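Residue numbers (my numbering): 1083 to 1398.
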């Protein structure tokens, strides 16, 4: 029997950027925010113009604090671009756009990291300053870089994703530095906490946003031994991805673009898969539920969060 929607216990969610942030926003409206822990991909993090940028963490912080540009899908609402205009006038690189308000966050982060502070502490301070009740944890305080082998050579993530707009054909993905990385303080504790009600994997790109998390030693193992059920939300809707190169990557990696492939990709990690109602249920060997997983607005995000929790509760 499923537990009621207000069942006690904390919820942990592994997430990337835009798509994952929608689910986390739904969770903090469906549950007390202080009972939600988001463990965020940092494989996208890089140094640009001398500044340390954490795109997925920043997207989550902007979304949960109400500062996100909803129409654009990234960055801050009401952003201004004087810095980028000045940079372009100098002939400097302007392919990765840093708004003026966004720039302040990167300067603050870089200054503190240069003084020896960990990313997790800086992220917690920003979340607190912006009134975010949920706990936001980077997957690691150690640097991990997503690298893609492609027909254009070896590409760093932002070169592939932003500069080249995901056009190169990818043959392999690796996570530089992951083998030596350690989970950030609080990550394994949240996953293994007996009070954890559910562990969710957001509908982020499995290969670019979730796999970096699973590559950090200890995280995959903690998930496989967790007492709480682990439920992934499929990133596919009607046989394709709503946003980003998930379907393109699956084709290039010779994977069928369906929910069975998603379930098999997470084999050994998940106990259940929430599948969009437009897609067939997929692998019969994994528990599943179906729902409308498109998240256009806040009610949609709350509904999907509740559907994922209901599936997790049914697996306890």
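All C-beta atoms, glycine included, are put in the ideal place defined by N, C-alpha and C.
Just so we're clear, the structure is a prediction, and the values are computed from it rather than from any experiment.
In the three-state DSSP reduction, residue 1358 falls in the strand class (E or B). Only residues of its own chain outside the window of five on either side were considered, and among them 1134 and 1204 have a CB closer than 6 angstroms to the CB of residue 1191, listed in chain order. DSSP, reduced to helix, strand and coil, places residue 1108 within a helical segment of the structure shown. Residue pairing by DSSP places residue 1158 opposite 1150 in a beta bridge. Taking the Cα positions, residue 1285 is about 26 angstroms away from residue 1236. If you draw a straight line from the Cα of residue 1357 to the Cα of residue 1162, it comes to about 39 angstroms. Secondary structure note for residue 1307: it is in no alpha helix (DSSP H), with a DSSP letter that is neither H nor E.
For residue 1378, there is no enclosing alpha helix (DSSP H), as DSSP marks it with neither H nor E. CA-CA distance, residue 1218 to residue 1329, rounds to 28 angstroms. Our two residues, residue 1226 and residue 1244, have alpha carbons roughly 18 angstroms apart in a direct line. Less than 8 angstroms divides the Cβ of residue 1195 from the Cβ of residue 1201.
Of the residues 1349, 1331, 1106 and 1104, the one whose Cα lies closest to the Cα of residue 1247 is 1331. Rounded to whole angstroms, the separation of the alpha carbons of residue 1393 and residue 1366 is 15 angstroms. Counting only runs of at least 4 residues, the stretch 1220 to 1296 fully encloses the following alpha helix (DSSP H) elements, listed from N- to C-terminal order: 1269 to 1274. If you look at residue 1185, you'll find it in the alpha helix (DSSP H) that goes 1182 to 1196. Contact between residue 1313 and residue 1353 holds, with the beta-carbon distance rounding to 7 angstroms and staying under 8 angstroms.
If the five residues before and after residue 1093 are omitted, its C-beta is found closer than 8 angstroms to the C-beta atoms of 1109, 1113, 1117, 1118, 1119, 1278, 1279, 1280, 1281, 1282 and 1391, all from its own chain and listed in chain order. Non-local beta-carbon contacts of residue 1359 in its own chain, meaning distances under 8 angstroms to residues more than five positions away in sequence, involve 1372, 1373, 1374 and 1375 in chain order. Looking from the CA of residue 1251, the closest CA among 1334, 1139, 1184 and 1322 belongs to 1334.
Residue 1346: member of the alpha helix (DSSP H) spanning 1341 to 1347, first to last residue. In the DSSP annotation of this structure, the continuous segment of the alpha helix (DSSP H) that includes residue 1168 starts and ends at 1164 to 1171. The C-beta distance from residue 1183 to residue 1100 rounds to 18 angstroms, too long to fall under 8 angstroms, and the pair is not in contact.
Secondary-structure assignment with DSSP links residue 1103 through no beta bridge to anything. The beta carbon of residue 1363 sits closer than 8 angstroms to the beta carbons of 1341, 1357, 1370 and 1372 from its chain, once the five residues preceding and following it are set aside; these are given in chain order.
When the beta-carbon positions are compared, residue 1256 and residue 1222 stay at least 8 angstroms from each other. Residue 1309 and residue 1270 have their C-alpha atoms roughly 13 angstroms apart. If you compare the alpha carbons of 1138, 1215, 1216 and 1176 with that of residue 1130, the shortest gap goes to 1176. Out of 1311, 1242 and 1207, the CA that lies nearest to the CA of residue 1368 is found in 1311. The shortest C-alpha to C-alpha distance from residue 1230 to any of 1249, 1343, 1209 and 1397 is the one to 1249. Its Cα nearest to that of residue 1144, the residue 1103 stands out among 1380, 1178, 1103 and 1258. Counting only the Cα atoms, residue 1173 lies some 34 angstroms from residue 1287. Only residues of its own chain outside the window of five on either side were considered, and among them 1182 have a CB closer than 6 angstroms to the CB of residue 1164, listed in chain order.
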